[in-house]
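Below is one structure, written out as structure tokens, with a few remarks after it.
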Ligand code: PRP
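Numbering (this note's numbering), first residue to last: 1 to 223.
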């Protein structure tokens with residue numbers, strides 16, 4: 001009688017944890033943070049046109065910042081790094097365990113230095129922004145009636161061309177406002193990047209996600 005074939009179950013392999021990270025100015029800081037947390041993120045991620053990169057137990061997706069919460073919400077990514085500006089605007093139901101302390105800037109109201117809005121003047125005010133929901137909430141809280149004009153970028157142009165009286169946008173160094181003849185009227189919120197987690201994945205991949213949170217928590221804020 002021949003020996004029975006031995007059936008071995010396939011090695012139990014855990015797939016990488018999929019993390020969505022934003023391209024643009026936060027990308028370099030996010031890579032640096034992940035490296036300091038012990039993940040071997042290669043240099044190619046900043047130069048290559050590839051949008052998926054493996055780094056040991058992580059699989060990184062490089063996306064537009066506004067799309068990170070969408071990928072995490074639908075479970076196309078397990079976790080993500082997203083700006084608090086984008087999270088406030090979209091209001092998705094994601095677990096947000098960590099302020100990563102990167103991508104720091106402010107959300108402000110601004111207007112043209114040479115065409116300030118006089119609060120008492122009876123104008124039909126128009127406000128241009130990439131953040132219509134956040135802007136609407138802010139204006140309502142102030143009791144201001146205004147038309148919100150949604151744009152996708154270069155918001156600072158709108159007051160210069162008479163498209164809007166004011167803008168709501170991010171300010172980091174203040175250079176874009178300055179070079180376009182604008183001034184801050186008011187700060188709405190401080191902004192920074194957060195780790196966000198798909199709530200269902202947190203239950204399914206508790207160990208992997210907890211390890212990521214622990215590693216980032218002990219690294220975030222440490223220069
Ligand atoms: C962001 C933001 C401001 C600028 C602020 O734009 O919307 O325009 O940076 O930075 P600063 O205060 O350091 O000048 P981004 O460069 O991301 O491009 P966008 O205009 O396409 O939004």
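Virtual Cβ for every residue (Gly too), placed ideally from N, Cα, C.
Taking the Cβ atoms as the reference, residue 99 lies roughly 17 Å from residue 19, outside the contact range of under 8 Å. By the criterion of a C-beta distance shorter than 7 Å, residue 176 is surrounded in its chain by 156, once the five residues flanking it on both sides are discounted. Our two residues, residue 88 and residue 138, have alpha carbons roughly 12 Å apart in a direct line. Nearest to residue 180 by C-alpha distance, out of 35, 188, 76, 158, is 158.
Taken through DSSP and simplified to helix, strand or coil, residue 173 comes out as coil. A distance below 8 Å between beta-carbons, with the five flanking residues on each side excluded, links residue 135 to the following residues of its chain, in chain order: 127, 129, 148, 168. Taken through DSSP and simplified to helix, strand or coil, residue 95 comes out as strand.
For residue 184, the Cβ stays outside the 7 Å cut-off from all heavy atoms of the ligand PRP.
Spatial neighbours of residue 44 in its own chain (CB-CB distance under 8 Å, excluding positions within 5 residues in sequence) are listed in chain order as 50, 53. Here residue 62 really is in contact with residue 21; their C-beta atoms are around 6 Å apart, less than 8 Å. Per the coordinates, the alpha-carbon of residue 210 lies some 15 Å from the alpha-carbon of residue 15. Within its own chain, the residues whose Cβ lies closer than 6 Å to the Cβ of residue 183, once the five positions on either side in sequence are excluded, are 113, listed in chain order. When the beta-carbon positions are compared, residue 216 and residue 94 stay at least 8 Å from each other. Collapsing the DSSP output to three states places residue 195 in a strand. In this structure, residue 135 has its beta carbon at no less than 7 Å from each heavy atom of the ligand PRP. Per DSSP, residue 83 is one residue of the beta strand (DSSP E) stretching across 79-83.
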